[in-house]
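In UniProt numbering, the protein residues as written are 1 to 184.
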């Protein structure tokens, strides 16, 4: 694998974003880069594999990442807490990561997941360009107290990092016939 742009290693100002938003974007970009490294070139069978009957597949985890990010766009950019019916239909199985996700999310190649993640992230970045640091620090009722938009978007990439760890575990537990070279 070739080394990525060294800019990924700098959390600093980015053109088109206010300073704090830029730093958040930098962290989200690096997190996404490392997620994409993990899935690039995986086969449909590898993306669909579940290590047991209760486990999620890599593909389901990737759609979950997109669903979480989409929901936080709705919450923080639009001020809505609930999906519209068409949004619910699109994302609910992935949000819940239960039996429906195991049943409904399969049969897609890596390009499908890459395109999905890219399209959701592009919308996030457009939204961030339209907002400033004051918006990032605005708080609202969230979970059991109040949270600011900064924390909410931190949670988006924190969730991705957790699931990337699961992806690494799944890759390391693939059956021999599906094993990824270099997986530990």
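For every residue, glycine included, the Cβ atom is placed at its ideal position computed from N, Cα and C.
Residue i: first and last residue of the uninterrupted alpha helix (DSSP H) it sits in
i	result
residue 80	Taken as a continuous stretch (DSSP letters only), residue 80 belongs to no alpha helix (DSSP H), as it is neither H nor E.
residue 100	99 to 104
residue 126	110 to 129
residue 133	133 to 137
Supposed close pair residue i, residue j - CB separation, criterion 8 Å
i	j	result
residue 44	residue 133	That belief does not hold up - the Cβ atoms of residue 44 and residue 133 are roughly 42 Å apart, past 8 Å.
residue 4	residue 33	6 Å
residue 127	residue 77	5 Å
residue 117	residue 161	Incorrect: roughly 14 Å between the Cβ atoms, too far for contact.
residue 137	residue 148	5 Å
residue 202	residue 15	Residue 202 falls outside the range modelled here, since the chain spans only 1 to 184, and no answer is possible.
Cβ pair residue i, residue j closer than 8 Å
i	j	result
residue 24	residue 153	yes
residue 157	residue 31	yes
residue 93	residue 74	no
residue 139	residue 146	yes
residue 56	residue 114	no
residue 59	residue 108	yes
message = Could you check whether the segment 37 to 46 touches the segment 74 to 94, counting it as contact only if at least three pairs of C-beta atoms, one from each stretch, sit closer than 8 Å?
response = no
query = Unbroken alpha helix (DSSP H) runs of length 4 or more, entirely within the segment 144 to 183: which are they?
reply = 149 to 172
ask   = Can you list the alpha helix (DSSP H) stretches of 4 or more residues lying completely in the segment 3 to 64, in chain order?
value = 19 to 39 and 44 to 48
key: Cβ pair count under 8 Å reaching 3, the segment 158 to 172 against the segment 44 to 60   = yes
ask   = How about the segment 63 to 72 and the segment 116 to 126: do they share at least three Cβ pairs that are nearer than 8 Å?
value = yes
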